[in-house]
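Below is one structure, written out as structure tokens; the observations come after it.
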Amino acid sequence: MEQKRRRNRDHGLFLTKQYHLKLKQAARQIQEEMLQDRRLLAEFEARILAETQLDEALKRETRTEMDKANAILCQLLERERQRAREMEFVFHEDARRMWEKQEARWTAEQEARSRLLHEVLTGIRQQISAKLEANLAAQQEMLSERERLLASVEEARAQMEAKQKEMEENSRLWASDVEAQVSL
Numbered sequence: 001m002e003q004k005r006r007r008n009r010d011h012g013l014f015l016t017k018q019y020h021l022k023l024k025q026a027a028r029q030i031q032e033e034m035l036q037d038r039r040l041l042a043e044f045e046a047r048i049l050a051e052t053q054l055d056e057a058l059k060r061e062t063r064t065e066m067d068k069a070n071a072i073l074c075q076l077l078e079r080e081r082q083r084a085r086e087m088e089f090v091f092h093e094d095a096r097r098m099w100e101k102q103e104a105r106w107t108a109e110q111e112a113r114s115r116l117l118h119e120v121l122t123g124i125r126q127q128i129s130a131k132l133e134a135n136l137a138a139q140q141e142m143l144s145e146r147e148r149l150l151a152s153v154e155e156a157r158a159q160m161e162a163k164q165k166e167m168e169e170n171s172r173l174w175a176s177d178v179e180a181q182v183s184l
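Residue numbers (UniProt numbering): 1 to 184.
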């Protein structure tokens with residue numbers, strides 16, 4: 001009887017240690033994923049802000065979006081660290097329930113982080129795309145205007161050449177007319 005009780009207690013302790021270990025490993029992994037998300041945001045922000053063709057308003061808006069996303073990720077990371085500290089003090093049955101509850105929470109938070117990153121990156125991508133389209137339209141308009149101006153200059157040059165030839169012809173005719181009158 002005593003041996004059976006001790007075996008049950010040892011088994012319970014073993015399971016508790018297993019749950020604790022699984023919780024710690026999962027918490028560590030989640031924290032690393034959050035840090036990776038923050039690094040990704042920082043890298044993306046640096047690339048956007050380094051882009052010289054983007055106007056200052058777009059850069060400010062990007063910085064604001066990145067700051068919001070980063071603040072959310074910081075809050076999630078701090079909450080996860082707090083949970084990891086709390087996990088140190090749970091017993092076997094509590095550890096099992098906590099594992100199940102935490103697993104569901106981690107899944108929901110991972111989905112929320114993914115949505116957040118997707119929304120931020122999609123919004124910025126759309127802003128940049130709109131800006132690039134506007135720039136391309138402006139460049140196309142400038143190219144059309146340049147072509148119109150070149151055609152106008154070419155037309156004016158052709159008119160000036162025609163006028164010059166006409167004047168030369170008139171001058172030649174006048175000279176030959178004067179010469180014909182003088183020789184009479």
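For every residue, glycine included, the Cβ atom is placed at its ideal position computed from N, Cα and C.
Please read all numbers here as calculations on a predicted model, not as lab measurements.
Taking residue i and residue j to be in contact with their CB atoms under 8 angstroms, please state how far apart those CB atoms are, rounded to whole angstroms.
i, j, result
"A130", "E80", "Between E80 and A130 the Cβ distance is about 36 angstroms, and since that is not below 8 angstroms, they are no contact."
"L77", "Q110", "Wrong, their Cβ atoms sit about 13 angstroms apart, outside the cutoff."
"L73", "K59", "That belief does not hold up - the Cβ atoms of L73 and K59 are roughly 21 angstroms apart, past 8 angstroms."
"F44", "L121", "7 angstroms"
"M66", "L35", "So it is not a contact: roughly 16 angstroms between Cβ atoms."
"E51", "Q127", "Between Q127 and E51 the Cβ distance is about 12 angstroms, and since that is not below 8 angstroms, they are no contact."
Grouping DSSP H, G and I as helix and E and B as strand, with all else coil, what is residue i?
i, result
"D177", "helix"
"M1", "coil"
"D55", "coil"
"S152", "helix"
"S114", "helix"
"S183", "coil"
With a threshold of 16 other CB atoms inside 10 Å of the CB of residue i, please say whether the residue is buried or exposed.
i, result
"residue 225", "The question about residue 225 has no answer, for the chain in this structure spans 1 to 184."
"L173", "exposed"
"V153", "exposed"
"E143", "For the sequence presented, residue 143 should be read as Leu rather than Glu. That one is exposed."
"A69", "buried"
"E119", "exposed"
"E179", "exposed"
"D37", "buried"
"Q102", "buried"
"M98", "buried"
"L23", "buried"
Is the closest heavy atom of the ligand FAD to the C-beta of residue i under 7 angstroms?
i, result
"A151", "This structure simply doesn't include the ligand FAD, nor any ligand for that matter."
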